[in-house]
Amino acid sequence: MENNTSKNLNDLGHFKQCLTNDDLKVCVIGVGRIGLPTALSFAKSGLPTIGVDINADLVSKINSNDYPLKDEPGYDVIFNEVVTNRKFHASTKIEDIVPNCDVILLSLPTPMDKNNVPDYSALRTVATKLGDLLEPHSLVVVESTIEPGFVENELIQIIETGKKQLIAGESFSIGVCPETANPGEIMTDFTKLPRLVGAIDEKTTQKIMELYKHVFPVELISMANCKTANAVKLTTNVFRDLNIAFVNQLALLFEKLGIDTAQVLDAAKRKYNFQVHYPGPGVGGPCLPVNSYQMLNSAKQFDSNMLSLVKIGREVNESMPNHVVDLLIDGLNEANKKISNSTVLLLGISYKPEVKDIQITPAEKIIEILKEHGAKIKIYDPFFKSTDVFDIKTENNMEQAFVDADSVVLVTAHKEFHDLKPSYIASKIQMPVVVDTKRIFDLDDARNSKLIFRSLGVGNF
Ligand SMILES: NC(=O)c1ccc[n+]([C@@H]2O[C@H](COP(=O)([O-])OP(=O)(O)OC[C@H]3O[C@@H](n4cnc5c(N)ncnc54)[C@H](O)[C@@H]3O)[C@@H](O)[C@H]2O)c1
């Protein structure tokens, strides 16, 4: 493989020429949920692309032509195409790959620790290596979600202190293009959602715009710098987290007032300036909760009370699993049953419908609280059949799952559950207690069935 020293990638015109000739070698570090579809998109555009990952099993799966993201439709076809035409493969050897690539994309995880402190250790580790490995004039693009200022105040310095003694803006360039896709819908989002581009200088912004224009048919929004682009990404997700907290609080009030929150929201959303969000058992996933804590982490250097609204929003959303269990206990009381003697069947554990993903899922907290109460727990989730999750062996079949259960809590609105009728549950379990946290069960059917029913955000059932 020819390295990039023979190319003058500093020159925008030459950079564009290399793109047109598919003569830019791309490396995507971190080929997980977001990085793999990203790498496949770059390879599909004609650019030779290599995925680098520390997960040796994942790399071996990819190199054995076994598409790993089964719940990400569309990319399986592209995967087969780019693996077959040798535009894409994977490696665990960052030191062999990076010096031979022109463009390095970072799609590394940016989770938080158990104290909700953002964890940028993967980015720091890789940046340290880049400082020893990057060839002159390489372009680094950070796609991971980070706090505004992390590139400017930390990442660049880490790369610059490496053995290569690189200088940002001179011997390498760096920018960001924060990823905004939705798991399960990445193919659609990559062809529709606008992308934000920010960099350390105007020329680098232009290069990244050209690069992404070559790969994605979407609007590219040029931002003033990296921190502004990262601020936009966080703002959109914190907005959602906060709005969900708002409707969650309304749902608690409307339960007491005897109002169906769904009816309120359906009517409210007809007004032009109301953007509807829905209540539920909590907010999970690798993005929303983490992004709110990233924003709070940014604010805390100035004042620990700054963004107190975001903090309260988090508290509200994190308290929802308790409310779900309270609804269950209330139903069990009506049935003269004790939670400590109950077997509770959870329908769905994914943090959102139609994905196989339990990162920060509210189901985990619900299970923890149920265990504290001494309840027995069964799980049926079409994406987690016959496997061990949260120390529980999951069920293989929904019909069978009802056997021995005396209560049912719907946590995730997977498509399979939309056809499920409360009357069907009542035919499987004698006088069950059913809690719907996503308001998907038909209220009339529930009223006419022999069961005790609670629906989050629905009062006076
Ligand atoms: N999943 C989402 O919904 C989503 C959406 C938008 C943005 N993001 C952001 O994208 C980034 C990636 O998230 P993801 O969901 O794809 O994460 P992921 O955990 O699915 O994938 C990350 C990959 O990086 C690899 N990795 C970890 N440390 C490494 C290292 N030192 N060297 C090489 N590889 C390493 C892991 O093995 C894994 O395969 C995060 O910043 C996340 O916040 C995620």
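Going by our numbering, the residue at position 396 of the sequence shown is 1142; the numbering climbs one at a time, nothing skipped.
Don't be surprised by glycine CBs; every beta carbon is placed ideally from N, CA and C.
Residues bridged to residue i (per DSSP)
{"i": "Ser890", "result": "BP columns for Ser890 are empty, so no partner."}
{"i": "Arg1200", "result": "Val1181"}
{"i": "Val772", "result": "Thr795 and Val849"}
{"i": "Val1154", "result": "Leu1091 and Val1180"}
{"i": "Asp1006", "result": "Val1204"}
{"i": "Met858", "result": "Pro864"}
{"i": "Ser884", "result": "Phe918"}
{"i": "Ala1147", "result": "Note: Ala1147 sits in no beta bridge, so no partner."}
{"i": "Phe1223", "result": "Because residue 1223 is not part of the residues shown, which for the chain are 747 to 1207, the question remains open."}
{"i": "Val1135", "result": "Ile1138"}
The alpha helix (DSSP H) enclosing residue i, as first and last residue numbers
{"i": "Asp1072", "result": "Ser1054 to Glu1080"}
{"i": "Asp1191", "result": "Leu1189 to Arg1193"}
{"i": "Ser917", "result": "Ser917 -> no alpha helix (DSSP H), and no H or E assigned at all."}
{"i": "Leu804", "result": "Ala802 to Asn809"}
{"i": "His960", "result": "Glu948 to Val961"}
{"i": "Tyr1039", "result": "Leu1034 to Lys1046"}
{"i": "Gly759", "result": "Leu758 to Thr766"}
{"i": "Lys1015", "result": "Where Lys1015 is concerned, there is no enclosing alpha helix (DSSP H), given that its DSSP letter is neither H nor E."}
{"i": "Ile905", "result": "Ile902 to Glu906"}
{"i": "Ala785", "result": "Gly781 to Lys790"}
{"i": "Lys1084", "result": "Unbroken run through Lys1084: none, as it is neither H nor E."}
{"i": "Ile932", "result": "Ile932 to Lys938"}
{"i": "Ser1173", "result": "Pro1168 to Lys1174"}
{"i": "Leu1116", "result": "Pro1108 to Glu1118"}
{"i": "Lys1161", "result": "Lys1161 to His1164"}
{"i": "Glu841", "result": "Ile840 to Ile843"}
Within 9 Å, strictly: CB atoms of residue i and residue j
{"i": "Lys979", "j": "Gly895", "result": "no"}
{"i": "Val1062", "j": "Gln995", "result": "yes"}
{"i": "Val922", "j": "Glu889", "result": "yes"}
{"i": "Asn976", "j": "Pro1032", "result": "no"}
{"i": "Pro1067", "j": "Ile1104", "result": "no"}
{"i": "Val1179", "j": "Glu1100", "result": "no"}
{"i": "His1164", "j": "Phe1129", "result": "no"}
{"i": "Val1204", "j": "Thr1007", "result": "yes"}
{"i": "Gly778", "j": "Pro857", "result": "no"}
{"i": "Arg986", "j": "His1023", "result": "yes"}
{"i": "Val943", "j": "Ile967", "result": "yes"}
{"i": "Ile904", "j": "Ala945", "result": "no"}
{"i": "Val805", "j": "Asp812", "result": "no"}
{"i": "Lys1083", "j": "Asp1150", "result": "no"}
{"i": "Ser1187", "j": "Glu956", "result": "Reading off the sequence shown, one finds Phe at residue 1187, where the question assumed Ser. No, Cβ-Cβ distance for Phe1187 and Glu956 is not below 9 Å."}
{"i": "Leu1166", "j": "Thr1183", "result": "no"}
{"i": "Leu869", "j": "Ile892", "result": "yes"}
{"i": "Leu758", "j": "Lys909", "result": "no"}
Same chain only: Cβ atoms within 6 Å of residue i, ignoring 5 sequence neighbours per side
{"i": "Ala1192", "result": "Pro1168 and Phe1199"}
{"i": "Thr1174", "result": "Per the sequence presented here, residue 1174 reads as Lys, with Thr not at that position. Same-chain partners within the cutoff: Phe1148."}
{"i": "Leu1055", "result": "none"}
{"i": "Lys875", "result": "Ile840"}
{"i": "Glu1001", "result": "Gly1205"}
{"i": "Asp859", "result": "Asp865"}
Close-in-space but distant-in-sequence residues of the same chain around residue i (CB under 8 Å, 5 per side omitted)
{"i": "Asp947", "result": "Gly915 and Ser919"}
{"i": "Ile780", "result": "Ser853, Glu889, Glu925, Ala927 and Ile932"}
{"i": "Cys764", "result": "Lys753, Leu755, Leu770 and Asp848"}
{"i": "Asn971", "result": "Glu898, Gly944, Ala945 and Ile946"}
{"i": "Phe962", "result": "Ser787, Phe936, Thr937 and Arg941"}
Cutoff 7 Å; reference residue i; Cβ partners in own chain excluding five residues on either side
{"i": "Glu748", "result": "Reliability of the predicted coordinates at Glu748 is poor, the pLDDT of 46 falling under 50, and the value obtained from them is presented with this limitation in mind. So the list is empty, once near-sequence residues are dropped."}
{"i": "Thr795", "result": "Val772, Val774, Ala785, Phe788, Ala789, Lys833 and Phe834"}
{"i": "Thr751", "result": "Legend: pLDDT at Thr751 = 49, less than 50; position of this residue unreliable, value from coordinates given subsequently. Once the five neighbours on either side are set aside, the close Cβ partners of Thr751 are Glu881 and Pro882."}
{"i": "Asn741", "result": "Outside the shown range of the chain, which is 747 to 1207, sits residue 741, and nothing can be said about it."}
{"i": "Ala802", "result": "Thr838"}
{"i": "Lys1196", "result": "Ala1172 and Met1177"}
{"i": "Lys1057", "result": "Leu1042"}
{"i": "Pro929", "result": "Arg779, Val1101 and Asp1103"}
Unbroken beta strand (DSSP E) run spanning residue i, endpoints
{"i": "Arg1209", "result": "This structure cannot speak to residue 1209, because the chain is shown only from 747 to 1207."}
{"i": "Ile1123", "result": "Lys1122 to Tyr1126"}
{"i": "Ser968", "result": "Leu966 to Ser968"}
heavy atom of ligand 3 below 8 Å from residue i C-beta
{"i": "Asn1043", "result": "Absence of ligand 3 from the depicted structure is noted, with ligand 1 being the only ligands included."}
Subject >> Stretch pair the segment 814-823 + the segment 849-856: three plus CB contacts closer than 8 Å >> reply: Judged by Cβ distances under 8 Å, the segment 814-823 makes no contact with the segment 849-856, as fewer than three pairs qualify.
Subject >> Cβ contact check for the segment 1023-1033 and the segment 1102-1111: 3 or more pairs under 8 Å >> reply: With the cut-off at 8 Å, the segment 1023-1033 and the segment 1102-1111 touch.
**OP:** Pair every Cβ in the segment 1114-1127 with every Cβ in the segment 1088-1102, then say whether three or more of these pairs are closer than 8 Å.
**Re:** The answer is yes - the segment 1088-1102 touches the segment 1114-1127, with three or more Cβ pairs under 8 Å.
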